[in-house]
Amino acid sequence: MRKGQNPVKQLSNVAKPERITATVLNHIPFLHGFYSEMDKVLELSLRSLRESAGLPFDLLVFDNGSCAEIREFLVNELESGRIQYLLFSDKNLGKGGAWNIMLQAAPGEIIAYADNDVLYSPGWLSESVKVLQAYPRLGMVTSRPFHTLPGLYGSVVSWAGKTRGARLERGQFVNADWNKEFLLSIGRTDEEILQDLKQMDVRVTYHGVTAYAGASHWQFLGWKKTLQEFLPLDLSKPLGQVLKLDQEMDKKGYLRLMTARPYTMNLSNTLDLPGENTSQDTQKIILNKGKSFFNIPIIRKVLMKLYNEIFRIYYK
1 MRKGQNPVKQ LSNVAKPERI TATVLNHIPF LHGFYSEMDK VLELSLRSLR ESAGLPFDLL
61 VFDNGSCAEI REFLVNELES GRIQYLLFSD KNLGKGGAWN IMLQAAPGEI IAYADNDVLY
121 SPGWLSESVK VLQAYPRLGM VTSRPFHTLP GLYGSVVSWA GKTRGARLER GQFVNADWNK
181 EFLLSIGRTD EEILQDLKQM DVRVTYHGVT AYAGASHWQF LGWKKTLQEF LPLDLSKPLG
241 QVLKLDQEMD KKGYLRLMTA RPYTMNLSNT LDLPGENTSQ DTQKIILNKG KSFFNIPIIR
301 KVLMKLYNEI FRIYYK
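In our numbering, the protein residues as written are 1 to 316.
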């Protein structure tokens, strides 16, 4: 038998979620080897996200089967009020499986998604929302320009060609240092960087807002109602199939765009990366690492294959 009345019934109002929900997908299964610095990367990523947004938002973190130390850190962030929504999975569901939960659970009208290794610059959210609101039928906005597959932004080219007031330009507009910085962060070789720098940019302007054609699933903003059109995602593998979201959006005629300047950066698994705020001496040290014996392409390929096989045996 109930004893007394539930005090919640006396409440005259409840908290309402912010219009924007920033969501972060986290997976750190242990803190050694490849993941040895990931606790620091995650902490910096979340801190820069909060401090650099320029707009109010709620933060939702989905933890995809991380180790006890990381789960404890996230709980502390929640209890300190730095995370508003925290979801745990006891196993790794893969990015697609996590998207199916977190993109549905996020209460905001606008969802800003990111992996757990993104570094944010001032204005990343406010500037991205400007693009999101300026363009019609916009599927996703990534908060930095870089070269993406032309086959994934055909809808942008088609739309700009038949829309009054839209201007489309082709040329090398993006600062070469921005491209190089990003490519270094994801482990591209000097040869790959040189080839990338030769590519043309596709720039669009509409209602006074300039953006670049393309976007990426590692970090993006979108309207929740639009993202829900693609849920649930059928992604059976943890990696390798996430391009399906990009492909399906373009196929259905949704625009996929990037901001006119970089507001996000891929940290990968280390804080030791070249960047706009990194000293020239540190940048030289990092660039020299790429010339070491272990970064010779054939040596690197063999060692990475061995590493992946060990990971598969122990953590599949």
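Beta carbons: idealized from backbone N, C-alpha and C, even for Gly.
Trp-223 carries a strand assignment under DSSP once its states are collapsed to helix, strand and coil. Leaving aside the five residues that flank Arg-167 on each side, the residues in its chain whose CB is nearer than 6 angstroms to its CB run, in chain order, Thr-205. Contact check for Met-265 against Tyr-212 fails: the beta carbons are separated by 7 angstroms or more. Contact check between the stretch 217-228 and the stretch 102-114: three or more CB pairs, one atom from each, fall below 8 angstroms, which counts as touching. Restricting attention to beta strand (DSSP E) runs no shorter than 3 residues, the stretch 148-232 encloses them at 167-171, 201-206, 209-213, 219-223, ordered along the chain.
For Ser-128, the uninterrupted alpha helix (DSSP H) run begins and ends at 124-134, by DSSP. Of the other Cβ atoms in all chains shown, 16 or more fall within 10 Å of the Cβ of Ile-28; this residue is therefore buried.
The C-beta separation of Asn-116 from Leu-42 comes to about 5 angstroms, placing the pair in contact by the 8 angstroms criterion. Per DSSP, reduced to three states, the secondary structure at Val-14 is coil, with no helix or strand assignment. When C-beta atoms of the stretch 15-26 are compared with those of the stretch 95-105, three or more pairs fall below 8 angstroms, so the two segments count as touching. Excluding its 5 nearest sequence neighbours in each direction, Thr-142 has C-beta neighbours in its own chain below 6 angstroms: Ala-215, Ser-216, Gln-219, Phe-220, Met-258, listed in chain order. Judged by their CB atoms, Gly-108 and Arg-19 are nearer to each other than the 7 angstroms cut-off.
The C-alpha of Ser-268 is placed about 34 angstroms away from the C-alpha of Ser-158. Tyr-113 is bridged by DSSP to Thr-23, Phe-220. The stretch 194-202 makes contact with the stretch 145-164: 3 or more CB pairs, one atom from each, lie closer than 8 angstroms. The three-state reading of DSSP puts Arg-256 in strand, counting E and B together. With fewer than 16 other Cβ atoms inside 10 Å of its own Cβ, Arg-170 counts as exposed.
The secondary-structure analysis by DSSP pairs Asn-266 across a beta bridge with Val-118. In this structure, Arg-261 is the residue among Thr-163, Ser-48, Phe-73, Arg-261 with its C-alpha nearest to the C-alpha of Val-174. In the DSSP assignment, Asp-58 falls outside any alpha helix (DSSP H) and within the unbroken beta strand (DSSP E) covering 58-64.
Ranked by Cα distance from Asp-58, the first of Ile-83, Leu-243, Asp-272, Phe-30 is Ile-83. Cα atoms of Leu-93 and Ser-66: separation of roughly 11 angstroms, rounded to the nearest angstrom. Taking a 10 Å sphere around the C-beta of Ser-36, we find fewer than 16 other C-beta atoms and assign the residue as exposed. Here Leu-93 carries a coil assignment [DSSP, helix/strand/coil]. Within the model, the alpha-carbon separation for Leu-152 versus Tyr-254 is close to 10 angstroms. Under the DSSP assignment, Leu-55 falls outside any alpha helix (DSSP H); it carries neither an H nor an E label.
Counting C-beta atoms within 10 angstroms of its own C-beta, Asp-272 has fewer than 16 neighbours from the protein chains shown and is therefore classed as exposed. Cβ neighbours of Asp-250 within its own chain (closer than 7 angstroms, five residues either side excluded): Leu-152, Tyr-153, Gly-154, Ser-155, Arg-256.
Its chain contains Gly-222, Thr-226, Met-249, Tyr-254, Leu-255, Arg-256 as the residues whose beta carbon lies nearer than 7 angstroms to that of Gly-139, once the 5 sequence neighbours on both sides are disregarded; these appear in chain order. With distances taken between CA atoms, Leu-87 lies nearest to Val-61 out of Gly-96, Val-61, Glu-127. Looking at the DSSP output, Leu-138 bridges to Leu-255.
Per the DSSP secondary-structure output, Leu-87 pairs in a beta bridge with Phe-62. In its chain, beyond the 5 residues on either side, Lys-180, Leu-183 have a beta carbon closer than 7 angstroms to the beta carbon of Ile-193.
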